[in-house]
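Quick note: the sequence shown uses this note's numbering, first residue 25, plus one each step.
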Amino acid sequence: MNDALSRLKEIDREIQILGHVSAVLGWDQETYMPERAVEERSDQIAAIQAVLHDKRVSPEIGELLAKLGSTSENPLGETSLPDTDRAFLRVVHRQFMRETKLPKELVMRLAKLTSVGPSRWADARKRDDFPHFAPVLSEILEAVLEVAERLGYEDHPYDALLDDYEPWMRTKKVAQVFGQLQERLVPLVSAIKGSQQVDDSFLMREFPVNVQERFGHQVLAKMGWEYSRGRLDVSAHPFTTTLGADDVRLTTRYDSHNFKSGLFSIVHEAGHGLYELGFSDDIRGTCLANGTSLGIHESQSRTWENIIGRSLPFWRYFYPRLVETNPEYLAQHNLDSFYRAINKVQPSLVRVDADEVTYSLHIILRFNLETRLVRRELSVEDLPEAWREESRKLLGIVPESDATGVLQDIHWSIGAIGYFPTYALGNLYGAQFAAKMRNDIPDLDSALERGEFAVPLEWLRRNIHSHGSALTADELVMKVTGKELDASHFVDYLVKKYRPIYKLTSL
Ligand code: MG
25 MNDALSRLKE
35 IDREIQILGH
45 VSAVLGWDQE
55 TYMPERAVEE
65 RSDQIAAIQA
75 VLHDKRVSPE
85 IGELLAKLGS
95 TSENPLGETS
105 LPDTDRAFLR
115 VVHRQFMRET
125 KLPKELVMRL
135 AKLTSVGPSR
145 WADARKRDDF
155 PHFAPVLSEI
165 LEAVLEVAER
175 LGYEDHPYDA
185 LLDDYEPWMR
195 TKKVAQVFGQ
205 LQERLVPLVS
215 AIKGSQQVDD
225 SFLMREFPVN
235 VQERFGHQVL
245 AKMGWEYSRG
255 RLDVSAHPFT
265 TTLGADDVRL
275 TTRYDSHNFK
285 SGLFSIVHEA
295 GHGLYELGFS
305 DDIRGTCLAN
315 GTSLGIHESQ
325 SRTWENIIGR
335 SLPFWRYFYP
345 RLVETNPEYL
355 AQHNLDSFYR
365 AINKVQPSLV
375 RVDADEVTYS
385 LHIILRFNLE
395 TRLVRRELSV
405 EDLPEAWREE
415 SRKLLGIVPE
425 SDATGVLQDI
435 HWSIGAIGYF
445 PTYALGNLYG
455 AQFAAKMRND
465 IPDLDSALER
475 GEFAVPLEWL
485 RRNIHSHGSA
495 LTADELVMKV
505 TGKELDASHF
515 VDYLVKKYRP
525 IYKLTSL
């Protein structure tokens with residue numbers, strides 16, 4: 025049994041290394057690669073991906089899993105093995121099953137569709153012409169539905185798709201927590217709309233990019249970012265990627281008239297990056313040294329960006345330093361008006377620009393449409409109208425064009441159906457963890473005010489990061505908070521935070 029386990033670990037190690045090699049190519053493509061290298065680079069990435077695919081579906085993995093007692097009924101394998109090894113078997117088993125259930129023809133067809141998808145989508149968005157995108161989207165949807173059928177599910181075809189991004193999560197559970205969320209968010213948003221609005225126009229004044237950059241690094245260093253194990257660079261869209269256990273890359277983008285966007289992207293991505301740098305040494309280099317789900321990953325980025333990074337104690341520490349960096353920018357303002365401005369709430373059409381309160385409503389909208397699409401209760405042709413209806417119901421506003429409605433996100437064009445819920449789940453997990461962190465560290469706010477960000481970081485490392493994917497998202501939430509995932513923590517946090525900002529008396 026020990027030989028089988030060592031051999032399986034050896035194969036996994038090769039897979040992890042090749043994955044990181046592929047990530048280097050991807051990171052370089054988004055940051056420093058000269059533009060004419062695009063075609064060659066996609067050949068290089070495809071070549072590595074082909075090698076990776078062959079390794080992942082190698083029959084030897086199936087044989088070793090069987091020897092170790094890891095089956096669909098019992099993915100954890102032999103009970104005599106240590107917990108970490110059993111968790112390892114569960115992750116390997118899950119990945120092996122997903123990879124081997126899909127025929128090569130289907131994988132290739134989907135890859136082809138999703139390589140033309142984004143350019144067709146971008147054209148359609150530019151021309152505000154949904155019918156131009158609809159035929160490709162229909163084909164993608166058919167291929168994705170075939171994937172769901174091949175993978176199998178118990179209740180809802182969406183389960184199989186969701187599971188790719190949020191392992192073990194089920195549509196029924198998402199519908200339940202989103203229902204709970206919607207019920208309390210809609211009245212909160214309408215109470216905010218009915219009160220005195222916040223002025224954030226001064227944040228759009230010019231702020232030199234080199235000064236933003238300097239301040240961004242100051243914040244990042246203070247958050248505990250280890251520059252000997254990572255970097256921050258610039259790309260068109262901010263992202264985080266892991267090139268190894270001691271090499272995590274963050275990116276942001278700067279806009280000289282939108283200070284918020286560059287800075288909060290850094291704080292957000294650093295949340296992802298700190299998670300990736302915080303896995304414990306005993307899972308280093310293995311498939312367990314990965315975020316356990318996209319939702320848990322997003323909980324880390326959103327905790328830093330919103331719960332910590334947009335809090336008053338955080339800015340009690342950083343505001344004087346920001347003023348020092350650029351005295352002119354904030355000359356007419358004080359901490360209080362700055363704090364209110366960075367927390368302005370306003371229902372808007374575009375998800376990526378949405379504030380912390382309305383953001384999850386954008387996700388519920390997409391979840392409602394996606395689940396109807398995969399059940400064939402809604403056709404691709406009827407999507408734009410269904411989008412407008414949901415937008416009216418959830419956000420109280422209706423897009424005038426499809427470019428700012430149904431065509432705004434790239435996800436469907438790359439076949440990512442089932443991905444969106446993880447963003448809002450991130451908000452919910454994050455708030456539930458943060459409530460426990462506050463309980464464990466009663467003087468958290470004074471630590472933040474003193475700039476002692478190692479205090480929350482150490483808590484997050486110990487309770488969340490160190491486990492990697494040795495615990496599933498469900499197990500992690502239960503272990504850390506003693507309860508199942510529940511939307512009330514997030515809404516309670518919002519009400520407590522926004523009541524004073526908007527002087528809400530009715531809540
Ligand atoms: Mg993120």
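Heads up, the beta-carbon is just placed ideally off N, CA and C, and yes, glycines get one too.
Along the chain, where does the alpha helix (DSSP H) containing residue i start, and where does it finish?
i	result
Thr195	195 to 217
Leu354	Counting along the chain, Leu354 falls outside any alpha helix (DSSP H), and DSSP gives it neither H nor E.
Val235	233 to 246
Gly254	Element bounds for Gly254: not the alpha helix (DSSP H) but the beta strand (DSSP E), 254 to 258.
Ser361	359 to 366
Glu59	That residue, Glu59, is in no alpha helix (DSSP H); it is neither H nor E in DSSP.
Thr124	107 to 125
Ala440	Note, Ala440: premise wrong, no alpha helix (DSSP H); not H, not E.
Ala135	128 to 151
Asn487	478 to 487
Glu409	407 to 419
Ser289	283 to 301
Thr395	383 to 398
Arg334	Premise fails: Arg334 is in no alpha helix (DSSP H) and is neither H nor E.
Ile525	512 to 526
Report the CB separation of residue i from residue j in whole angstroms; it is logged as a contact under 8 Å.
i	j	result
Glu237	Phe288	With 8 Å as the limit, Glu237 and Phe288 do not qualify as a contact, their Cβ atoms being about 14 Å apart.
Asn487	Val504	5 Å
Arg334	Asn367	6 Å
Tyr453	Gly248	In fact, because the Cβ distance is near 21 Å, the residues do not count as touching under 8 Å.
Lys91	Ala28	4 Å
Phe154	Pro423	Phe154 to Pro423, Cβ: 11 Å. No contact.
Val75	Leu42	6 Å
Ile441	Glu401	14 Å between Cβ atoms; not a contact.
Val201	Ala511	5 Å
Are the CB atoms of residue j and residue i within a distance shorter than 7 Å?
i	j	result
Glu300	Thr266	yes
Thr327	Ala458	yes
Ser280	Glu230	yes
His321	His296	yes
Phe444	Arg399	no
Gln53	Arg37	no
Gln206	Ile388	yes
Phe338	Leu472	yes
Leu312	Ser530	no
His292	Ser323	no
Ile85	Ser46	no
Ser372	Ala378	yes
Ser317	Ser490	no
Gln119	Gly309	no
Phe157	Ala167	no
Lys150	Leu227	no
Gly218	His44	no
Ile540	Leu244	For residue 540 there is no data in the structure shown, the boundaries of the chain being 25 and 531.
Ser162	Val430	no
Phe514	Asn463	no
Leu137	Ile164	yes
Thr55	Asp223	no
Gly475	Lys246	yes
Leu105	Arg114	no
Using a Cβ-based criterion (distance less than 6 Å to any ligand heavy atom), does residue i qualify as near the ligand MG?
i	result
Glu322	yes
Ser470	no
Ser325	yes
Identify the continuous beta strand (DSSP E) that holds residue i and give its terminal residues.
i	result
Leu267	264 to 268
Leu100	Looking at the DSSP string, Leu100 is not in any beta strand (DSSP E), and its letter there is neither H nor E.
Asp271	271 to 276
Consider the Cβ of residue i: report whether some Cβ of chain B lies at a distance smaller than 7 Å.
i	result
Asp433	Looking at the structure shown, chain B is missing, and only one protein chain is on hand.
Check whether the stretch 187 to 203 and the stretch 237 to 251 are in contact - that is, three or more C-beta pairs closer than 8 Å.
Contact between the stretch 187 to 203 and the stretch 237 to 251 is absent, because fewer than three Cβ pairs lie under 8 Å.
Is it the case that the stretch 409 to 426 contacts the stretch 376 to 388, given that we only count it when at least three CB pairs across the two stretches are under 8 Å?
Contact between the stretch 376 to 388 and the stretch 409 to 426 is present, with at least three C-beta pairs closer than 8 Å.
Between the stretch 129 to 136 and the stretch 158 to 172, are three or more C-beta pairs nearer than 8 Å?
Counting Cβ pairs under 8 Å, three or more are found: they touch.
So, do the stretch 513 to 526 and the stretch 209 to 222 have three or more beta carbon pairs nearer to each other than 8 Å?
Yes, since at least three Cβ pairs between the stretch 513 to 526 and the stretch 209 to 222 fall closer than 8 Å, the two stretches touch.
Contact between the stretch 349 to 360 and the stretch 504 to 518: three or more CB pairs below 8 Å?
At 8 Å Cβ cutoff, the stretches do not touch.
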